[in-house]
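Numbering (this note's numbering), first residue to last: 2 to 279.
This is the structure we're talking about:
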């Protein structure tokens, strides 16, 4: 097709009238008028200002309960800050993290001088707490420590240690008065704690979360198995305490109901719903 024929064909498809001799001057005048019009003129009440719009990629902050999480490089922050329980809205896990990838449904007891336990002690000593570990376990890269003092204060700490990376952890504490002596078959829950974190890592955007449960057991309680979305989770038992944690894929339920199968020394098993104090 010749160029002139193609141009004529395209003109038949264009509803705009042909440009006459006076069109360029009028077009220039219209352009100058448009450019001279202030950008905020007219009714724009239905359009939020740039300052009111969220930044691209920003995540909304909410006041949902969370366990404070921080990197070891930030431990110089005041101790009160470590107890803040605010966080960000979570999303589904986009890629597995080391903590969830190495997690096991059964924990291993670790001694008080284990690296994860020592890391937790270093963190809580920032606030000069007279706490002592009463239960410590490890599941994969993460160590959980339940500590208490003589004034009825209890603290739950997790520390994730990975080769070549700074430790990551979290702490939650309660200062309730000591509970009454449990009956031999009873279970009392101190913590039902859900936390979720998302951040940009060196290998891309990652999100991770967990639910942690801890409390007291009577002397006849021999086994506590938690019913979770991650499957059955066996709680660790030590010195009249129990504790366990498991990974979660989102933070849609910040106050989950945790069902537990409790087995006593006589072989009887019952199911209870565990709820934290308060």
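Yeah, the Cβ is synthetic: ideal placement off N, Cα and C, and Gly gets one too.
Between residue 235 and residue 106 a beta carbon distance of about 6 Å is seen, short of the 8 Å cut, so the two are scored as contacting.
DSSP, reduced to helix, strand and coil, places residue 125 within a helical segment of the structure shown. Here residue 248 carries a strand assignment [DSSP, helix/strand/coil]. Per the coordinates, the alpha-carbon of residue 162 lies some 16 Å from the alpha-carbon of residue 210. By the criterion of at least three beta-carbon pairs nearer than 8 Å, the segment 126-141 is in contact with the segment 108-115.
Non-local beta-carbon contacts of residue 270 in its own chain, meaning distances under 6 Å to residues more than five positions away in sequence, involve 262 and 264 in chain order. Cα atoms of residue 217 and residue 243: separation of roughly 6 Å, rounded to the nearest angstrom. The bridge partners DSSP lists for residue 189 are 217. Annotated three-state conformation of residue 115 is coil, per DSSP. For residue 158, the closest of 191, 118 and 103 by C-alpha to C-alpha distance is 118.
Taking the Cα of residue 196 as reference, the smallest distance to any Cα among 132, 152 and 246 is reached at 246.
Taken atom to atom, the span from the alpha-carbon of residue 238 to that of residue 220 is near 11 Å.
About 6 Å separates the beta carbon of residue 135 from that of residue 148, a gap short enough to meet the 8 Å contact definition. Going by beta carbons, residue 153 and residue 176 fall inside the 9 Å limit. The beta carbon of residue 132 sits closer than 6 Å to those of 125, 148, 150 and 156, all from its chain and outside the five residues before and after it, given in chain order. Residues of the same chain with their beta carbon placed closer than 6 Å to that of residue 230 are lacking, with the five preceding and five following residues left out of the count. In the DSSP assignment, residue 173 falls within the beta strand (DSSP E) that extends over 169-175. Membership of residue 260 in the beta strand (DSSP E) is indicated by the continuous run 259-265. Residue 215 is classed as buried because its beta carbon has at least 16 other beta carbons within 10 Å across all chains shown. Judged by DSSP secondary structure, residue 239 falls within the beta strand (DSSP E) whose first and last residues are 237-239.
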